[in-house]
Amino acid sequence: MYKIKKRKKLLFKNNIAVYDTNNLNQNGIDFINKIICGDSLRLVKELPDNFVSLIITSPPYFGCRVYGNETLGREEHPLEYVSNLLKYSNELKRVLNKEGSFYLNIGDVYFGTKGFGRNKGRYARKTDKHYKEHKITKPNGKYLQYKQLLMLPERVAMGMQEQGWILRNKIIWEKPNPVPSYSPDRRYPVYEHIFHFVKSRKYYFDLNMAKHLNNHRDILRCGIEPFREHQASYPESLIKPLILTTSKENDIVLDPFIGSGTTAITCIMLNRNYIGFEINEKFCNLAEKRILNSKKIIKNQLPLKEIYQSDIHFVTTR
Numbered sequence: 003m004y005k006i007k008k009r010k011k012l013l014f015k016n017n018i019a020v021y022d023t024n025n026l027n028q029n030g031i032d033f034i035n036k037i038i039c040g041d042s043l044r045l046v047k048e049l050p051d052n053f054v055s056l057i058i059t060s061p062p063y064f065g066c067r068v069y070g071n072e073t074l075g076r077e078e079h080p081l082e083y084v085s086n087l088l089k090y091s092n093e094l095k096r097v098l099n100k101e102g103s104f105y106l107n108i109g110d111v112y113f114g115t116k117g118f119g120r121n122k123g124r125y126a127r128k129t130d131k132h133y134k135e136h137k138i139t140k141p142n143g144k145y146l147q148y149k150q151l152l153m154l155p156e157r158v159a160m161g162m163q164e165q166g167w168i169l170r171n172k173i174i175w176e177k178p179n180p181v182p183s184y185s186p187d188r189r190y191p192v193y194e195h196i197f198h199f200v201k202s203r204k205y206y207f208d209l210n211m212a213k214h215l216n217n218h219r220d221i222l223r224c225g226i227e228p229f230r231e232h233q234a235s236y237p238e239s240l241i242k243p244l245i246l247t248t249s250k251e252n253d254i255v256l257d258p259f260i261g262s263g264t265t266a267i268t269c270i271m272l273n274r275n276y277i278g279f280e281i282n283e284k285f286c287n288l289a290e291k292r293i294l295n296s297k298k299i300i301k302n303q304l305p306l307k308e309i310y311q312s313d314i315h316f317v318t319t320r
């Protein structure tokens, strides 16, 4: 890999991760099967209307780890974070086609005396230095009170409904092996939200595939698969059934916060095209390496019908 010194006119040698969009066709074709390194909101604005069939993403969580030059999640006030996420969702609504779906994975945080979302687990030493960059907003005795769960996922979802999105499901991702989080006066969290949004009442959903995967329930039990270079990635097995049930082969899947490339790898496995945006140069590099390694593995992989067999478990709410 080339050592990154400049953003302009720099391509990775395998031409999967791209740093300069000046030479890319603005009709979106040249974005397909590429990881574009840059500001996600700016890059989404360069895509044509109704261009992608599926969006799956997990944006940076508020007040948690800091990834490079990313400013989303580092706001002073939690409602600023909600407002900024809604700028993304409004633009994503434009690029999603009428039959498309949008899956948004987002976590919640508490308001505390030591700042938002402070890590107390095994990764605290690696991330503590970043919390000095967060201005600690003073409590107001109402929404901002110490120990308050901020309900950020719900606030984002309700804001998206006001934009005209239709919320079809509030999926719960239950983690049997969550990152340890201790507090002496509450239960520790073991789940995250995945909201399923659509633009139209008539959207694509493969019911037969859902039945085949036993994927018709709204609680997904799936373990996390962190690795050293990127601790916050979701597993392939989590998004595999989502891709299979709400997209077709050769459709375009967009992940505007692609991180280490898991969405792209899963798309390659399932014969979908992908577009990924990522502001962190280190993660663009990592995503390219993982994609290249996965392509080698997939050549000797199981037949597609066997790949369809998901290793995820579903339970239903009562």
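Numbering (the working numbering), first residue to last: 3 to 320.
Ideal placement from N, C-alpha and C gives every residue a C-beta, glycine not left out.
All of these numbers come straight from a predicted model, not from anything done at the bench.
Go ahead and pull the three-state DSSP assignment for residue i.
{"i": "Gly161", "result": "helix"}
{"i": "Cys39", "result": "strand"}
{"i": "Asp257", "result": "strand"}
{"i": "Leu98", "result": "strand"}
{"i": "Tyr83", "result": "helix"}
{"i": "Phe285", "result": "helix"}
{"i": "Tyr145", "result": "coil"}
{"i": "Ser296", "result": "helix"}
{"i": "Leu88", "result": "helix"}
{"i": "Lys291", "result": "helix"}
Terminal residues of the continuous beta strand (DSSP E) containing residue i?
{"i": "Leu246", "result": "Here Leu246 belongs to no beta strand (DSSP E); instead the alpha helix (DSSP H) covers Glu238 to Thr248."}
{"i": "Tyr276", "result": "Asn275 to Glu280"}
By Cβ distance below 7 Å, which residues in the same chain neighbour residue i in space, the five residues on each side in sequence not counted?
{"i": "Tyr236", "result": "Ser60, Asn107 and Thr264"}
{"i": "Val321", "result": "What is shown of the chain runs 3 to 320, which leaves residue 321 out entirely."}
{"i": "Thr205", "result": "Checking the displayed sequence, the identity of residue 205 turns out to be Tyr instead of Thr. Closer than 7 Å at Cβ, skipping near neighbours: Glu101, Gly102 and Ser103."}
{"i": "Gln163", "result": "Leu169"}
{"i": "Glu176", "result": "Val192, Tyr193, Ile221, Leu222 and Arg223"}
{"i": "Gly30", "result": "Leu49, Pro50 and Phe53"}
{"i": "Leu240", "result": "Trp175, Leu222, Cys224 and Ile314"}
What first and last residue would you give for the alpha helix (DSSP H) that runs through residue i?
{"i": "Leu45", "result": "Ser42 to Lys47"}
{"i": "Ile58", "result": "That residue, Ile58, is in no alpha helix (DSSP H); its beta strand (DSSP E) goes Val54 to Thr59."}
{"i": "Arg267", "result": "The amino acid occupying residue 267 in the given sequence is Ile; Arg does not appear at that position. From DSSP, the alpha helix (DSSP H) with Ile267 extends over Thr264 to Met271."}
Give me, in chain order, the residues of the same chain whose beta-carbon lies closer than 8 Å to that of residue i; leave out the 5 immediate sequence neighbours on both sides.
{"i": "Val255", "result": "Val54, Ser55, Leu56, Ile57, Ile58, Ile245, Ser249, Thr265, Cys269, Arg274, Asn275, Tyr276 and Ile277"}
{"i": "Asp257", "result": "Ile57, Ile58, Thr59, Thr265, Ala266, Tyr276, Ile277, Gly278 and Phe279"}
{"i": "Ile300", "result": "Ile270 and Met271"}
{"i": "Tyr190", "result": "Pro180, Pro182, Ser183 and Tyr184"}
Does residue i pass the burial test, meaning 16 or more other C-beta atoms within 10 Å, or should it be called exposed?
{"i": "His198", "result": "buried"}
{"i": "Tyr63", "result": "buried"}
{"i": "Lys140", "result": "exposed"}
{"i": "Glu101", "result": "buried"}
{"i": "Arg203", "result": "exposed"}
{"i": "Tyr105", "result": "buried"}
{"i": "Arg76", "result": "buried"}
{"i": "Gly143", "result": "exposed"}
{"i": "Tyr90", "result": "buried"}
{"i": "Asp187", "result": "exposed"}
{"i": "Leu87", "result": "buried"}
For residue i, which residues of its own chain have a beta-carbon under 6 Å away from its beta-carbon, when the five flanking residues on both sides are left out?
{"i": "Asp208", "result": "Thr247"}
{"i": "Arg96", "result": "Asp51"}
Exercise. Starting from the N-terminal side, write out each stretch of the beta strand (DSSP E) that is 3 residues or longer and does not extend beyond the region 175–221.
Key: DSSP runs (the beta strand (DSSP E)) wholly in the region 175–221: 193–200.
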